[in-house]
Amino acid sequence: MVIPSKIGFSIGITQRIARCVLILFFLVYGFSQAQYTPLVQNYPPEQYGADNQNWAIEQSDNGMLFVANQSRVLLFDGNRWESVFVPNAQNVRSIKVVEDRLYVGGSMSIGFYQITPRGLEDYSEIKGLEHQNIDVGEEFWNITWLDERLFLQSKRAIYEVVENQLTLRTPFESDRPESFSHRGDLYFFSSKEAIRFSSGEYYRFELPELSGAFVGIYERNEAQFLVNEIGETFRLNRGDLIKEVNPFFDLKISDQIYDLVQLRNGQLVVGTISSGLHVYDTLGNLLYVLDKSSGLNNNTVLGLFQSVTGRVWVALDQGIASFVPNSNLSEYRFGFEDIGVVYTAISYLNNLYIGTNQGLYRFNKKSSQFEFISGTRGQVWNLKTLGNQLYCFHDKGLFKINGSMASLIDAQTGYWSASEHVDSEGISSYVLGGYNGVYTYRPNRNLTAEKVEGFNIPSRFVEVLDNVIVVNHESLGVFLLDFDWNSLVVRSEKQIPALGTASSLFLFGGELYYKSSEGVFSVEKGALRYHRELTTLISDPIVRPTQNSYRPDEVSFLSKQKIVRLREAGTGEYMATEEILPENRLASFGVSGFENINAIGTDEYLIGLKDGFLVLNTNLNAEQPTSFPIWPLNLGVARQDEFVSLQPEESRLLKAEESTIRIRYTHPSFSERYPPAYEYQLISDQDTIIDRSLSTIKTYYNLQPGSYSLSARVLGIREKTIALSQSIRFEIAKPWYQTVQFTLYLIFSGLIISFVASALVRIIYKRRERKIREENERRLETNQLREENRVSQLKNEYLENELELRKRELTGVYEAEIRRNALLRDLKVQVSKAKSEKPLEEITALIDKQLEDDSDWTKFESAFNELDFKFISNLNKRHQGLTRQEVRLLVYIRLNLSNKEISELLNIGLKSVEMKRYRVRKKLGLEKSKSLSEYIHSF
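What the sequence shown shows, in the numbering used here, is residues 1 to 939, in sequence order.
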């Protein structure tokens with residue numbers, strides 16, 4: 001990979017007083033501070049959403065950060081990232097902020113953006129690029145602003161931009177385009193020669209033989225020194241380069257230097273190709289190395305920049321990083337050292353010891369690593385000095401520590417901690433809290449610890465108060481043990497039930513206190529008394545405290561968000577000092593319930609982590625929250641499922657359908673320890689709405705019509721206002737149905753509608769009246785028809801009844817005639833069988849006479865005429881030649897009598913009936929296809 005250079009420009013000062021203070025500081029803290037590194041905030045490509053490589057970083061006057069990232073420019077305000085693609089630029093190599101412009105140099109392209117409250121806008125290309133015979137693929141790696149002039153440098157030439165017009169000033173071949181300013185002049189360097197720009201003129205001069213290209217410049221005692229990529233230093237003296245034999249910063253780095261920057265406090269930060277960052281103090285000594293093992297995301301540094309707040313920003317081959325070089329909070333990462341989770345730590349005889357779940361370790365100053373103390377493999381619970389002797393409270397027992405040697409004193413049980421008791425004779429005894437009760441250890445009398453008889457409860461927290469041993473058990477509560485110090489037998493025991501969870505004991509101001517999730521309680525006369533003031537000062541979720549052996553009047557508490565140091569400020573008064581912890585390291589705290597803070601010096605505190613530890617030095621200044629002003633508020637309205645930002649010149653009178661708005665503003669804030677909160681205030685004619693958020697974007701949905709005033713402010717620690725925005729005013733128009741015009745329209749329309757309605761009512765009334773009248777008439781006619789139908793129905797019923805009666809009479813007549821004829825025929829048959837002939841002949845003749853008698857037919861005909869009075873007359877009218885017998889036959893056919901029944905009535909045979917039917921058909925003139933019955937029934 002070929003990595004060209006970029007400009008490195010910085011200034012710094014050094015004072016003698018600062019040097020003396022630093023010498024004193026390193027004499028006291030040198031053993032540990034030389035190994036601690038600042039907390040690194042990494043921004044991987046997944047977070048900022050762009051390419052891996054980043055080449056340069058710049059910052060505008062109002063705090064916005066800009067990064068040259070391959071084919072785009074990144075914007076970062078500490079809250080959110082944005083990326084802007086540069087038109088016609090395949091690669092972005094350099095950027096430069098000049099007032100309200102951001103110049104961008106890339107592959108065969110150079111232009112600038114306007115920096116506005118909405119970000120980067122209105123990209124403009126520098127004119128004249130096509131007239132300078134730019135080589136294919138030529139890239140602008142260096143942009144410099146000096147004396148109201150803009151200088152551009154590629155690998156082949158130096159250009160100037162005058163009135164937005166690009167002009168070639170001089171050809172200049174260079175593998176690493178760099179420029180440095182010195183006493184008002186600008187210097188450009190290559191491997192063989194240099195160019196000095198002074199008073200509007202370019203001067204060339206030769207260089208001594210160099211072993212590498214220049215990568216940066218630093219200042220000391222008003223002199224400036226150039227550093228090349230292998231760490232050699234040259235004094236710059238107006239056209240001359242003098243190599244330094246014994247440079248102030250002895251940059252003995254076994255790696256290629258790519259960039260460096262001198263901080264405003266005089267320290268030097270050196271970026272390398274493969275070994276990360278090397279930071280040097282103002283005395284020229286190496287302070288620390290920041291690389292991947294100590295938290296840096298990547299070891300290849302491509303660009304360095306110090307922001308106006310002092311934070312150092314690092315452009316990496318993969319990602320971006322930042323750190324505060326002189327913060328009061330630093331860290332130590334174990335890296336490849338497999339040490340374990342830190343449970344406790346202590347500084348003893350200028351040695352730093354840490355206890356982990358894997359054993360006890362001591363920091364080796366020569367190797368700059370922690371070395372294991374033999375024999376202590378296993379869980380270390382606590383480290384404590386008792387009588388100027390360091391003791392290790394271990395899962396295996398109690399150890400005495402001297403240098404790198406550990407001596408096992410007692411192995412009866414595992415021990416958590418101890419408290420010192422001095423008797424009336426001034427002899428010290430140590431009360432030990434063990435796995436199965438309380439033990440005492442008298443170093444001047446006993447070789448091992450002795451068990452206190454009568455109490456076998458696990459005792460993680462023990463204290464001695466007024467000759468009474470106080471033991472705290474998280475679930476069982478507090479035990480007050482009165483026992484004989486000579487016989488070591490418990491005489492009496494009092495138990496106080498537990499209050500809440502995460503409980504512990506601590507001594508403060510000569511008093512014993514009980515701390516749990518329920519608050520702080522003083523242990524007084526065998527009872528727990530709630531202490532309101534201390535509870536307020538060290539409110540939850542504060543975990544177990546630690547005593548500061550260097551400051552007897554101080555006790556420290558650790559929570560997931562901060563450290564609270566509690567001191568006495570007077571009789572009955574207390575003072576709490578808070579130190580905010582970085583959010584990105586909170587997840588690295590140790591095992592829950594065993595989070596720990598340890599005093600390792602008068603003003604130094606060590607916080608144990610899973611992969612190392614944090615160190616708080618209260619002598620150093622904490623990183624302060626940034627106080628950049630809020631950029632003007634940006635108002636956006638919801639249009640077609642997206643928010644459209646309003647331009648400043650646009651009217652702030654919004655349409656009724658634009659009642660959902662989004663307010664967005666920029667407030668650069670880059671501290672991970674002091675993330676700001678944002679408060680929004682929306683004032684309307686009816687109400688005032690105040691909301692808080694961790695985002696600089698706020699959306700309001702479905703606002704009512706009216707006038708509004710919207711403002712925002714940034715809140716820091718303890719809700720202190722860091723920045724306040726100007727109010728933005730806007731108005732949401734009423735919907736069309738609430739306007740005056742629509743009201744007048746409604747009134748006018750109402751009048752017209754009323755007039756029309758009145759006319760319609762009259763018309764409708766008349767129509768309804770006519771309809772009712774017609775309905776009544778129709779109803780009357782209907783009733784009349786109904787009555788007529790009823791009368792007709794009654795008549796029909798009467799006639800039907802009469803008809804039925806006549807049918808019955810007619811049926812009775814022909815049935816009687818049939819029975820009579822049948823009787824006579826039977827009688828005739830019987831008579832014909834008699835032997836005497838003459839009388840029989842007379843009887844037979846009488847019977848025949850009766851059979852041929854048609855008087856019954858006369859009665860039948862009379863009854864039939866009453867039932868069907870028109871048939872016979874119509875039949876005779878149509879067929880006048882019919883005989884009486886033929887008419888009689890046709891009547892029987894009309895009555896639907898069968899041939900058999902007809903034969904019995906006529907007293908003839910069936911064939912005779914057929915013959916009669918045939919003759920009648922012929923006489924009636926019926927065709928063969930036509931039925932006689934149908935014809936008869938058609939009358």
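Where is the CB? At the ideal position from N, CA and C, for every residue including glycine. Since the structure is predicted, the reported quantities are computational estimates derived from the model, not experimental observations.
Judged by DSSP secondary structure, glutamate 121 falls within the beta strand (DSSP E) whose first and last residues are 119-125. Setting aside the 5 residues that flank it on each side, leucine 290 is surrounded in the same chain by Thr37, Gly276, Leu277 and Leu296, each with a C-beta closer than 6 Å to its C-beta; the list follows chain order.
Proline 171: member of the beta strand (DSSP E) spanning 165-171, first to last residue.
With contacts defined as CB atoms closer than 8 Å, asparagine 79 and phenylalanine 628 fail to qualify as a contacting pair. According to the DSSP secondary-structure assignment, glycine 519 is paired through a beta bridge with Ser516. Serine 549 is a Cβ neighbour of threonine 385, given a cutoff of 8 Å. By the neighbour-count criterion, in which 16 or more other beta carbons inside 10 Å mark a residue as buried, valine 269 falls on the buried side. Annotation: glutamine 369 to tryptophan 313 spans about 28 Å, alpha carbon to alpha carbon. Around the C-beta of asparagine 285, fewer than 16 other C-beta atoms lie within 10 Å, and the residue is accordingly described as exposed. Assignment of isoleucine 339 by DSSP, reduced to helix, strand and coil, places it in the coil class. The bridge partners DSSP lists for glutamate 578 are Val564.
Under DSSP, leucine 390 shares a beta bridge with Thr385 and Ile401. A contact is defined here as three or more CB-CB pairs under 8 Å, and the segment 749-760 fails this definition with respect to the segment 659-672.
About 15 Å separates the CB atoms of arginine 156 and tyrosine 202; that is not less than 8 Å, and the two are not in contact.
Under the 10 Å beta carbon count, histidine 131 is surrounded by fewer than 16 other beta carbons and is classified as exposed.
Residue range 369-372 is occupied by the beta strand (DSSP E) that includes phenylalanine 372. Taking each of Asn133, Leu146, Tyr103 and Lys720 in turn and checking the Cα distance to isoleucine 126, the smallest one comes out for Tyr103. If you draw a 10 Å sphere on the C-beta of glutamate 623, you find 16 or more other C-beta atoms in it, and that means buried. In terms of Cα proximity to leucine 724, the closest of Ile893, Ala321 and Tyr680 is Tyr680.
For valine 67, the CB contacts under 6 Å within the same chain, skipping 5 residues up- and downstream, are Asn54, Ile57 and Leu74 in chain order.
Scanning Val92, Val97, Leu616 and Ser707 for the CA closest to the CA of leucine 653 turns up Ser707. If the five residues before and after alanine 194 are omitted, its C-beta is found closer than 7 Å to the C-beta atoms of Tyr187, Phe188, Phe205 and Leu207, all from its own chain and listed in chain order. By the CB criterion at 8 Å, tryptophan 141 and valine 98 fall outside the cutoff. Between the alpha carbons of valine 468 and phenylalanine 483 lies a gap of roughly 8 Å. As the crow flies, the alpha-carbon of isoleucine 697 is around 10 Å from that of leucine 633. For secondary structure counted as the beta strand (DSSP E) over 3 or more consecutive residues, the segment 287-318 holds these complete runs in sequence order: 301-306 and 312-316.
Boundaries of the beta strand (DSSP E) around lysine 698: 697-700.
Around the beta carbon of methionine 64, 16 or more other beta carbons sit within 10 angstroms, so the residue counts as buried. In this structure isoleucine 143 is in contact with serine 94, their Cβ atoms being roughly 5 Å apart against a cut-off of 8 Å. Ranked by how close their Cα comes to the Cα of alanine 345, the residues Val380, Ser374 and Glu337 have Val380 in first place. Residue pairing by DSSP places valine 714 opposite Tyr678 and Ala723 in a beta bridge. In summary, leucine 682 is buried, with 16 or more beta-carbon neighbours lying within 10 Å of its beta-carbon over all protein chains present. Membership of glutamate 901 in the alpha helix (DSSP H) is indicated by the continuous run 899-906.
For the pair lysine 451 and tyrosine 439, the CB atoms are nearer than the 8 Å cut-off.
Valine 489 counts as exposed, since fewer than 16 other beta carbons sit within 10 angstroms of its beta carbon.
Between the alpha carbons of alanine 712 and leucine 507 lies a distance of about 45 Å.
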